[in-house]
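Here is the structure we will look at.
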Amino acid sequence: MKKLNKVLRTEAIIPILVILTLSLLYFSFLFDSHLKKTLEWSLTHIYGAEVNIKKIKTSFINGSFQLSGLQITDKKKPERNILQIQKIYFHLLWDALLRAKFVINQAEVQNIQVFVPRKKRGKVYPPSPKSQSVLQKTEYAILEKTQKDFNNNILGDIATVLTGVDPSKQFTNIKEQLKSEKFLEELNMTLKNKQKEWEERLKTLPQGKEIDSLVQKAKKIHINTKNPILLFKSLEELQTVIKEGDRIIKEYNAAQKDLDKDLNQLNSSYKDLEKWIQKDLADLQRRFNLPNINPQEFSKGLFGMIFAEKIASLYKYQRVAQEYMPPNLKKNKKQKSKEIVPPKRGMGKTYTFPITKGYPQFWLKKAIISSLTNSKSPYSGQVKGTLTHLSSHPSIIPFPTKFNLVGDFPNQNIHGLNLHAVIDHRTSTPTEKATLTIDSYPVDKRVLSHSKDVSFIIQKATGKLLWNIQMKSSIVNLKLKNWFSNVQYKITATNPIVQEVLTNTVNGIPVISVFVKAQGSWEHLKWSLFSNLGSEISKNLSKQVQAQIEKAKKQLNLIIQKRLQDKRLQVQNQFKQLTDQVTQKITSRQKKLEKEKKALQAKAQKAQTKSQKAKQKALEKAGKELLKKLKF
């Protein structure tokens, strides 16, 4: 008995039993409710609208999980749920649980419903720039940038132009500097600095005294053609002076070449002034709401913000998914990803180590999605789908994650839903791509343009959608095609011309088509958007509007030119001063040197000619004397 007491100590057994009992009680009565609240809060925070879960039931003995009554609020219509799922159920493998791994052979998602009325209006949390949430700031930044790219009040601006606009009255209130003004100031400062540089360089070149001294030295050289030795010596001295003159001339020629180069560059820069004026003109055109009736820009103005909101939401979800998606174990260790969802204060950091064999930490092998329409659930749909190989360590799973979903929701007039997505994080360049098509779906109210002058709204329509998106590393490639048929409009305009043009245009377009392309990083997406509705409206309005726009643009151009007049004159005077002063000094010295060089060369040539004549006479005289001696 004593030996048994030594092995089993009562004071150790009792605390263990208490801990086990408390743990059992917690997981039996409290764990499910705590898990439910945690999931509701997390999903609401990420999505931006209220997410509710009716019940969660877990069993550690059976290794099972069941979620019932998932409701996701529709952001645009909080009185209904955009998605509702009756049941999500799965079992965990026990041999994996014993290794502290979570492996699911098969999960089931049952009875999917859409647009279900809520018993209580759901809460919606719109993005705010003042919010401390990094996710909300991310979404808001995309929307803010897009708003600068798209003029979503283009019809109101056109109505204003048709009533007549005088930019000169508004221009007087502009206090900030124009781009062209700043350019001229910088160019003027460059010219002043360049003039100082040339003044300093001119000091390093041979001066007038040095040139005059060289000229006097040449004049003192006496050419004695009678004495060959003295003649040769004087010619050598003359050639030395000429070489020295050539050296000075080369320095001035080099200086002239460099000056011409600087003047050409400055002149070329001055020609860029027109480009800056055009940029100022475009900025002021936007500022004074002078619309651009280019068909593509017009289409952006009508439909840009509708699709920008979807892109901003997609960007936010993609950034969230990157944080919670499986890590890429093959990526460079030096690369450090920015934390979009930072850890809570006081929490530690999780480090993930490569797994070479066995189960990953989490692995959902297959999830089956099924839903059938029935009279008891009028908002349910005929849906089938699968989700395969979702894992925390994709590099050790030989398959990418795939998601397929097809279905119809007849009571909601949604037909031909087909979604196919592939997430491949097994390599050093993670790739996500998806294709979504919907043959027919109801389109609620879409505000294309709204102002005090014009209201252009799609009240109701039937939509058709084709969406392709691929994300590789940080580069996005998106293509979207949208068609709207059976369109019901609400058009009101204070200007009768706008009212007539809009009414006649929409009557002639039975199906609206919108084609969108976007490529690049999320922060610098290059947009391309075209719509047959925007094209037709811009074409029909252009005749009435173009004359007014051109008149206003000419007024703006004249105002800019007048504002630049003084600074332009300063630059021209500074350029003339640099050209005249520096060029005059270099040119005058070059001319003097060239003149003296020619004189010296002429003097040397003359001496050589006299020397040759003297030699000829001496030879002739010697020949005659020789003939006399020979008695010829």
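According to the working numbering, the sequence shown is numbered sequentially starting from 176. Ideal placement from N, C-alpha and C gives every residue a C-beta, glycine not left out.
Query	Result
Hey, would you say residue 456 sits closer than 8 Å to residue 737, going by beta carbons?	no
Quick one: grab the DSSP three-state call for residue 599.	strand
Give me whichever residues DSSP pairs with residue 673 in a beta bridge.	Residue 673 is not bridged to any residue.
Can you give me the Cβ contacts of residue 232 inside the same chain, cut-off strictly under 7 Å, excluding the 5 residues immediately before and after it?	207 and 241
At the level of alpha carbons, what is the spacing between residue 543 and residue 478?	37 Å
Which residue from 735, 586 and 562 puts its Cα closest to that of residue 575?	562
By the three-class DSSP mapping on this structure, what secondary structure does residue 278 have?	strand
If you count every other CB in all the chains shown that lies within 10 Å of the CB of residue 281, and 16 or more means buried, which is it?	exposed
Would residue 646 be called buried (16 or more neighbouring beta carbons within 10 Å of its own) or exposed?	buried
Which residues in the same chain as residue 484 place their Cβ atom closer than 6 Å to its Cβ, once the five residues preceding and following it in sequence are excluded?	none
Going by beta carbon distance, what residues of the same chain come within less than 7 Å of residue 307, once the five residues before and after it are set aside?	In this predicted model, residue 307 has a pLDDT of only 45, less than 50, meaning its place in the structure is not dependable enough to derive any value.
Would you kindly check if the distance between the Cβ of residue 734 and the Cβ of residue 707 is under 8 Å?	no
Just to confirm my understanding: we take residue 381, look at its own chain, exclude 5 residues before and 5 after, and list those with CB closer than 7 Å. What are they?	423 and 426
Looking only at DSSP bridge pairs, what is residue 651 linked to?	646 and 695
Pull the bridge partners of residue 590 from the DSSP assignment, please.	615
Excluding the 5 residues preceding and the 5 following residue 609 in the sequence, name in chain order all residues of the same chain whose CB lies nearer than 6 Å to its CB.	596 and 644
Comparing alpha-carbon positions, which option in 263, 218, 583 and 292 lies nearest residue 558?	583
Starting from the Cα of residue 635, find the closest Cα among 661, 624 and 649 and give me that residue.	661
Taking buried to mean at least 16 other C-beta atoms within 10 Å of its own C-beta, is residue 547 buried or exposed?	exposed
Using only alpha-carbon positions, find the residue among 601, 257, 666 and 605 that is nearest to residue 621.	666
When DSSP builds the beta bridges, which residues end up paired with residue 546?	558
List the endpoints of the continuous beta strand (DSSP E) containing residue 703.	701-706
Helix or strand or just coil, what does DSSP make of residue 627?	coil
May I ask you to verify whether the region 267-274 touches the region 288-304, counting CB pairs closer than 8 Å and requiring at least 3?	no
Of the residues 371, 555 and 473, which one's Cα is nearest the Cα of residue 257?	555
Tell me the rounded alpha-carbon separation between residue 487 and residue 356.	36 Å
Find the nearest neighbour of residue 642 within the set 648, 443 and 652, judged by alpha-carbon distance.	652
In whole angstroms, give me the CA-to-CA distance for residue 451 and residue 541.	60 Å
Quick one, are the C-beta atoms of residue 214 and residue 228 less than 8 Å apart?	yes
Residue 246 lies in the beta strand (DSSP E); which residues open and close that run?	239-248
When the Cα atoms are used, what is the spatial distance from residue 366 to residue 655?	51 Å
Do residue 680 and residue 711 have their C-beta atoms within less than 8 Å of each other?	yes
Going straight from the alpha carbon of residue 368 to that of residue 746, what length do you get?	13 Å
Comparing alpha-carbon positions, which option in 741, 650, 674 and 433 lies nearest residue 700?	650
Measuring only the C-alpha atoms, how far is residue 431 from residue 363?	22 Å
Quick one: is residue 509 buried, meaning 16 or more other Cβ sit within 10 Å of its Cβ, or exposed?	Low confidence applies here, because residue 509 scores a pLDDT of 43, under 50, leaving its location unreliable; read the following figure in that light. So residue 509 ends up on the exposed side.
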